[in-house]
Structure formats: structure tokens, C-alpha cells
Amino acid sequence: MRWWVFVGALAGILSAAPGTHGACVYEGSLHANQSSWRPESCRECTCHGDVPLCSPVRCPNLQCDFQRGEYLRLPPNQCCPECTSSSPDSCQYEGVTYGHDSQWSPSPCSRCVCSRGRVSCAAHPCPQLTCSPGQSLLVPPGKCCPRCGGNGASCSWQGGVYRDGEEWKPSICSRCSCSNGKVQCWVVECPQVACRAHENLVIQPGRCCPRCVSTPCLSAGHQQQHGELWKKNTCTTCV
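The sequence shown runs -22 to -1, 1 to 217 under mature numbering (1 follows the signal peptide of the UniProt record, and there is no 0).
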């Protein structure tokens, strides 16, 4: 009799305590409704109206740049892998890893280089130009260095006005130029690409030319992307 009285009193305290309505009890711990927690590094749980729902953590599909010496590494006590450079001379710049002696342009008017782990950036050098009679220096939109353009008639194209000698891109895969009042357009030519046996040729959003992308893996009827990490069971991790 005393035991049932104690249990009833305890139940009354829990029901009266603020924030316990719809709470979940998981492995001896009380979790508020709609709260989330990780009992393990690769498992995430959420409390939904006194019912704990747990599922494996889904890792992002990383695209490591293997040509720059990057590889997938699983840090200790973490669930998802990360791209890590195998070279101590690599550089980190705005979240991107660059190999030793690699060069890139963060903007049209600057160029950076990685040298033994250190990044140095400088203004993009422009050549000295001497324009012919009837031409003048002009800087095309999106470019850094000027070029010689004619002083001829401008062009009207789809509601826009372009100077003689000016170039523009109406779409990702086309380019146009103004030549003394006449508009000339052409399509960008893509290089020949030969994919390996485990790769597919795809055109990604925002790009004009196709590139090789690793084929996804099938595991237990589910499609897993290249570089993705998932739990096959409690003791087995697949990648």
C-alpha cells in the first residue's frame, strides 16, 4: 500500500511540473517535448509527444578535390567525415583547400597563390595596351583589364545598349560582342571529357559544360552519394 501511495504522489508531481507535458523518458533521462539530443555521435533523437524517435545522422555529400591532395577523414568522436589535405603545405582560403603552388582568382582583379601553407594575394596584372587609331580603352563588364575597343556605333540587344567592342554573356553557354553596331553571338565550346568506369557525365546546375561525377552506391535498396557515410548496423559504418 505504501508503494502505490508513493508512485501516485510521484506521478502527481511529474504531471504538475512545468515543461513535463508530452516529455519523453529515454534511457533514464527526461527530455522535453520537441527537444532533440544525440545519445551517440551517429544517432539523433527527437521527442514527439512523449514518444522518442531516433534515426541515424545523415552526413553531407562531400566532394573532396583529390587532385589537390584532399581525402575523406573521420575525426575522433564524430559521425560525419570531412575533407582533409594530405599535404602540410596546403592552404585554406574562404573554406577551400588549395595545394602547394596552386593559383586561383577570388575576383576578376586579384590572383592568389599558395606557397608552403601561406596564401599571398595581389592585384591581377594587366598588359600595357596601345590601341590603334579609332579605338579606345574600355573595361568589359565582369573583367578587370581593359581592352581596345572601336569608336564605332553601339549595339542595341534585348533592351540593352552595348558599346562598340564590348562583350557580354546572355546565358551560361553563349557569348555576344558588339562590332560597329552589329551583334555577333556564339555558343561556348566544351572540351572532350572521358569519364572512368564508375563515373557519369552530367551537367550540373549553373554550369554549361558537362563533368564526370562518381556513380552513387546502392545499399539495401537506398541510394548513397559518393563520399557519404551511413550506419549499416550498430557495429558497421559504410562509406
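Don't be surprised by glycine CBs; every beta carbon is placed ideally from N, CA and C.
From a predicted model like this one, the values you see are computed outputs, not experimental measurements.
Excluding five sequence positions before and after V161, the CB atoms of its chain that fall closer than 7 Å to its own CB belong to C133, W135 and C154, given in chain order. According to DSSP, S155 shares a beta bridge with E145 and Q162. Cβ contact annotation for G130 (same chain, cutoff 7 Å, sequence separation greater than five): D142, N158 and G159, in chain order. Per the coordinates, the alpha-carbon of V35 lies some 50 Å from the alpha-carbon of C104. At a cut-off of 3 residues, the continuous stretches assigned as beta strand (DSSP E) that sit fully inside the region 55 to 81 are 60 to 63, 69 to 71 and 74 to 76. Following the DSSP letters along the chain, one finds T24 inside the beta strand (DSSP E) bounded by residues R21 to H26.
9 Å or more divides the Cβ of C25 from the Cβ of C61. Following the DSSP letters along the chain, one finds V180 inside the beta strand (DSSP E) bounded by residues E177 to V180. With a threshold of 16 other beta carbon atoms within 10 Å, C168 falls short and is exposed. One Cα belongs to S68, the other to Y76, and the distance between them is close to 6 Å. The three-state reading of DSSP puts P30 in strand, counting E and B together.
For S14, the uninterrupted beta strand (DSSP E) segment begins and ends at S14 to E18.
Around the beta carbon of G128, 16 or more other beta carbons lie within 10 angstroms, which makes this residue buried. In terms of Cα proximity to P38, the closest of C57, P86, D28 and C32 is C57. H102 and R51 have their C-alpha atoms some 35 Å from each other. DSSP places A101 in the strand class (E or B) of the three-state scheme. Counting only runs of at least 3 residues, the region 115 to 142 fully encloses the following beta strand (DSSP E) elements, listed from N- to C-terminal order: 125 to 128, 133 to 135 and 138 to 140.
DSSP places H(-2) in the coil class of the three-state scheme, outside both helix and strand.
By the criterion of a C-beta distance shorter than 8 Å, P84 is surrounded in its chain by Y71, E72, C90 and C99, once the five residues flanking it on both sides are discounted. The Cβ atoms of C151 and Y140 lie no closer than 9 Å to each other.
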